[in-house]
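Each residue of the sequence shown is one higher than the one before, starting from 341 at the first, in my numbering.
We put the beta carbon where it would ideally sit given N, CA and C, even for glycine.
Below is one structure, written out as structure tokens, with a few remarks after it.
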Amino acid sequence: MGARLEAAGFVVRRYPLAPGRDSVVARWAGRGVRPSLCLTAHLDTVPLGEAEWTREPLGGEVDGDRLYGRGASDMKAGLAGIVTAAERLAALGTGDPGLEVVLCAGEETGCAGARRLVDSGALGDAGAGLVAEPTSNYPCVAHKGVVWLDASTSGRSAHGSMPHLGDNAVYKLARAVAALEDFRFDGHEHPLLGSATLSVGTIAGGVNINSVPDRAVAGIDVRPVPGLEGAEVEERLVELLGAEVRVTRRLDLSPVATDPGDAWVREVFDIMEPLIGERPEPRGLAYFTDAAALTPAYGTPPTIICGPGDADQAHQTDESCSVELLDAAAEAILEIARRWCGL
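Spelled out as structure tokens, the structure:
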């Protein structure tokens, strides 16, 4: 993707996240001083999983209107739409504002690539942002944040045949984690995002079956809404889980919420209306995107999440996306960028 943007005339810089895994920032400079439009997508996908595919998962097979493959919806289709639109925009010339294309490694692992770009000072100025995550081309103006925490307990090891000589860390953690099943973050509601959610995603303890485990840890996934900060999430869980449990934050990214009445948002809604066959209404998303890291770094400009993939296809076996929606997205993103740049 970087090579294609370079060939189109963009100034491209690559930022390594890990060996063989680079993020890309590509700039098409404007003539004036107005901030650029940021178009962003992530480059990584989740693993294939254990279930067998009926299509070649890395083959990019097209059958009718569906393009099959891992990442087709999440979010190679959005990535393709952005790069295609950027190439076409560059062919039109130079506008007053410019364009900043940010392609991130490691979104699926907590926006690692986007956070690395922010920390390294790789970003320029952006007055608005479009994230081409899978929404079936419906423009959304908000998404939840994410707080990942580890809840751990400690004990004392002993031989499995003499458990009374030990202190079982798994039992402690199991008792504590059971309290999370019905827990709710009361008092925090958002008109588009609803309530915060909590899920225990992993739990592990011990090193072998015939020893009393002296450590156990559970991974907790919280999706906060505006008004619920990571510090409060941690404080509430510390109180709930009790003194035997140590709670530490692993990741803390805030929600993204843009005023639906913003002038640029209304313009994007105008562009998308004929493509989706209805006037868009303000919507929010349960998942998080790289905007959780990028939007605050840009100074919280209006941000829209809109891409051709289907959210219900994300991470699925036999993942696919609509070719028609992909073509429409490329045209729509070009029109959004063309208007922003005054071309």
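DSSP beta-bridge partners of residue i
i           : result
residue 366 : 352, 441
residue 393 : Answer by DSSP bridge pairing: none, since residue 393 is not bridged.
residue 644 : 470
residue 460 : None; residue 460 has no bridge partner.
residue 371 : Note: residue 371 sits in no beta bridge, so no partner.
residue 386 : Looking at the DSSP assignment, residue 386 forms no beta bridge with any residue, so it has no partner.
residue 589 : 489
DSSP three-state assignment for residue i, whether helix, strand or coil
i           : result
residue 483 : strand
residue 451 : coil
residue 681 : helix
residue 652 : helix
residue 674 : helix
residue 594 : coil
residue 635 : helix
residue 413 : helix
residue 545 : strand
residue 403 : strand
residue 576 : helix
residue 357 : strand
Host alpha helix (DSSP H) of residue i (start-end)
i           : result
residue 610 : 603-616
residue 428 : 417-432
residue 582 : No alpha helix (DSSP H) holds residue 582; DSSP gives it neither H nor E.
residue 344 : 342-347
Close-in-space but distant-in-sequence residues of the same chain around residue i (CB under 6 Å, 5 per side omitted)
i           : result
residue 438 : 368, 369, 370, 376
residue 349 : 430
residue 541 : 559, 561
residue 456 : 357
residue 546 : 553
residue 385 : 410, 411
residue 505 : 498
residue 600 : 481, 622
residue 391 : 657
residue 383 : 443, 445
residue 492 : 557, 586
residue 414 : 474, 649, 654
residue 619 : 613
Extent of the continuous beta strand (DSSP E) run through residue i
i           : result
residue 627 : No beta strand (DSSP E) holds residue 627; DSSP gives it neither H nor E.
residue 408 : 406-408
residue 558 : 555-563
residue 662 : 660-662
residue 380 : 376-382
Cut-off 7 Å between Cβ atoms - residues of its own chain near residue i, not counting five sequence neighbours on either side
i           : result
residue 615 : 477, 668, 672
residue 345 : 352, 366, 423, 426, 441
residue 636 : 594
residue 604 : 468, 642
residue 389 : 657
Residues of its chain near residue i, where Cβ-Cβ distance is below 8 Å and the 5 sequence neighbours each way are ignored
i           : result
residue 489 : 559, 560, 562, 573, 574, 577, 587, 588, 589, 590
residue 501 : 550
residue 535 : 524, 525, 528, 529, 565
* Just list the alpha helix (DSSP H) runs in the segment 470-542, keeping only unbroken ones of 4 residues or longer that don't cross its boundaries, in chain order. => If we require 4 residues or more, the alpha helix (DSSP H) runs fully inside the segment 470-542 come out as 509-518.
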